[in-house]
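K.L.:
In this text, residue positions in the sequence shown follow the working numbering: the first is 3, and each later residue adds one.
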Amino acid sequence: MWSNTISPSWDLGIFTQLAKAYGNLEAPIVDIKGDGYNLLGDHFHPILVLLGPFYALFPSGSTLLIIQAALFAVSAWPVVSLAQERLGKPAAALLGGSYVFSWGLLNAVWAQFHEIAFAVPLLAFGLVWWIRGRTVPAIIAISLLVFVKEDLGLTVAAVGAAFYLRERTDRNLKTGVFLAVWGIVWFVLSTMVILPALNPQGQWDYTDNLSLLDQVMAGAGMKTLILVILALSTGVIGLKSPLMLIMVPTLAWRFVGNVDYYWGWEFHYSAVLIPVAAISLIDVATERWRTVAPLIAFCTSLVMLPQTEIDLLWDHEGYVSDSSGAIEAASQYDIVAADISLLAYLVPHTNVYWYGTLGDVEPDAIAVNWWRLGEPAEPWAEERFGGDWDTIYSDDRWEVIVPAE
């Protein structure tokens, strides 16, 4: 994806600009979202400060892609290890295959970097440590989820409830209450205090995406289908595990959301559910189900492969596009407006904006995929921004233009 300038959204550019700021020991000001926009007012993800040192060493958007892939890969280790202990090697191989080729993780890779990259291993290690009786590291891992994204505070609360329901002891009750209080407090703090304080509009931006009464029945077919797929991903037997309660907060906000792609398997929205599904299977699989359940999960992942972009590994000819010339030309300028394709590539070299959020900012250059625009960049820019423009770079796909002198 990186070598062929494949950009499904502007998100990689946004997080690359955040990593650049943290690498420079600065506040996460992300001009791609808007001039002077503090990204901590968009979502609550202070854990992303960990990206700073890596970006400082390797200043590229590809660094974030590698970090996410590594975090997903690491998350498989505790899952497969526990499966081998509980179910044996053949079942562990099946479950490991279903995990690494799961639709939730593969589509998250396609969506490129998002903060949930940190949530996946924290959930995987935290749940496995709890099952193994390693209480303290489990609590630490789960507690850290509140610093990944604001809604995960509710997930932490659900983990607390699941831990108690799984084994109703006084110790588990105390742990469950602690996690529930910790998660809810951080959810309230982040959505009611921190995000509004740092947001340019003084609000949590995503309340408009939630509409309980209007949306609960919208897309009922797709919502039912995703529930069936999740059930199959647990090998069916996993539905008996109290750990399945952990999925409820994520599914709840997605299902009451008024954004269609919240409801299905696209993008990164199901990534945090995959370790929960796999570990729930392991948690309750009896002798009778020790092979059947992992086989069901494995077959589900295979059936869902066509709903991912894994074919890019061997069939990417249609995406081949060398943008290096356009990047080099645009990098000579201080303020550059770009389309989503080039945002992450220009971040290390210049102060880049998405052309749709320029506001009153006047760019020194504009870099776009004119082939996607359907017309040359000059007339497009004249109509959109006014004034006259000159082309300084052009090839069969990319153009860089500057204001005419």
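Just so it is clear, CB atoms sit at the ideal spot from N, CA and C, and this is done for glycine as well. This structure is a prediction, so every number in the text was calculated from the model and none was measured.
Do three or more CB pairs link the region 326–339 to the region 126–143 at distances below 8 angstroms?
P.N.:
Inter-segment contact for the region 326–339 and the region 126–143 is absent: fewer than three beta-carbon pairs are separated by less than 8 angstroms.
K.L.:
Could you give the uninterrupted runs of the alpha helix (DSSP H) lying entirely in the region 161–200, keeping only those of 4 residues or more?
P.N.:
172–191 and 197–200
K.L.:
Leaving aside the five residues before and after L241 along the sequence, list all residues of the same chain whose C-beta is less than 7 angstroms from its C-beta, in chain order.
P.N.:
A233
K.L.:
Assuming L41 contacts L20 (C-beta within less than 8 angstroms), just tell me the rounded distance between them.
P.N.:
5 angstroms
K.L.:
What does DSSP give as the partner residues of A340 in its beta bridges?
P.N.:
According to DSSP, which records beta bridges pairwise, A340 is partnered with W356 and A369.
K.L.:
Taking the DSSP output, what are the residues bridged to T252?
P.N.:
Answer is none; T252 lacks a bridge partner.
K.L.:
According to DSSP, simplified to helix, strand and coil, what is P92?
P.N.:
helix
K.L.:
Tell me P405's beta-bridge partners as DSSP assigns them.
P.N.:
W391
K.L.:
Report the option in L154, A75, K22 and Y264 whose CA atom is closest to the CA atom of L59.
P.N.:
K22
K.L.:
In its own chain, which residues sit with a C-beta less than 7 angstroms from the C-beta of R292, not counting the 5 before and 5 after it?
P.N.:
L89, G90 and A93
K.L.:
For the alpha helix (DSSP H) that contains T288, what are its first and last residues?
P.N.:
Note, T288: premise wrong, no alpha helix (DSSP H); not H, not E.
K.L.:
Quick check on S5: does DSSP put it in helix, strand or coil?
P.N.:
coil
K.L.:
For R290 and A163, what's the separation of their Cα atoms in angstroms?
P.N.:
28 angstroms
K.L.:
State the DSSP-derived secondary structure class of S396, mapped to helix, strand or coil.
P.N.:
strand
K.L.:
So, for A143: in the same chain, excluding its five sequence neighbours on each side, which residues have a beta-carbon less than 6 angstroms away from its beta-carbon?
P.N.:
Same-chain partners within the cutoff: L124, F127 and G128.
K.L.:
Run through DSSP, which three-state label would N40 get?
P.N.:
strand
K.L.:
Name, in chain order, the residues that DSSP records as bridge partners for I31.
P.N.:
N40, per the DSSP bridge assignment.
K.L.:
If you draw a straight line from the alpha carbon of L53 to that of D341, how long is it in whole angstroms?
P.N.:
24 angstroms
K.L.:
Classify G259 as helix, strand or coil using the three-state DSSP reduction.
P.N.:
strand
K.L.:
For P2, is the classification buried or exposed, using 16 other Cβ atoms within 10 angstroms of its Cβ as the cut-off for buried?
P.N.:
Summary: the structure shown does not reach residue 2, with the chain confined to residues 3 through 407, and so no result is reported for it.
K.L.:
Classify T18 as helix, strand or coil using the three-state DSSP reduction.
P.N.:
helix
K.L.:
By DSSP, does F269 sit in helix, in strand, or in coil?
P.N.:
coil
K.L.:
Quick one: what's got a C-beta closer than 8 angstroms to A75's C-beta in the same chain, skipping five residues either side?
P.N.:
Cβ within range, chain order: V102.
K.L.:
Under the assumption that P405 contacts G389 (Cβ atoms under 8 angstroms), give the Cβ distance between them as a whole number of angstroms.
P.N.:
6 angstroms
K.L.:
Mark Q70 as exposed unless 16 or more other C-beta atoms lie within 10 angstroms of its C-beta, in which case mark it buried.
P.N.:
Of the residues assessed, Q70 falls on the buried side of the cut-off, its CB having 16 or more other CB atoms within 10 angstroms.
K.L.:
Is E380 helix, strand or coil by DSSP?
P.N.:
helix
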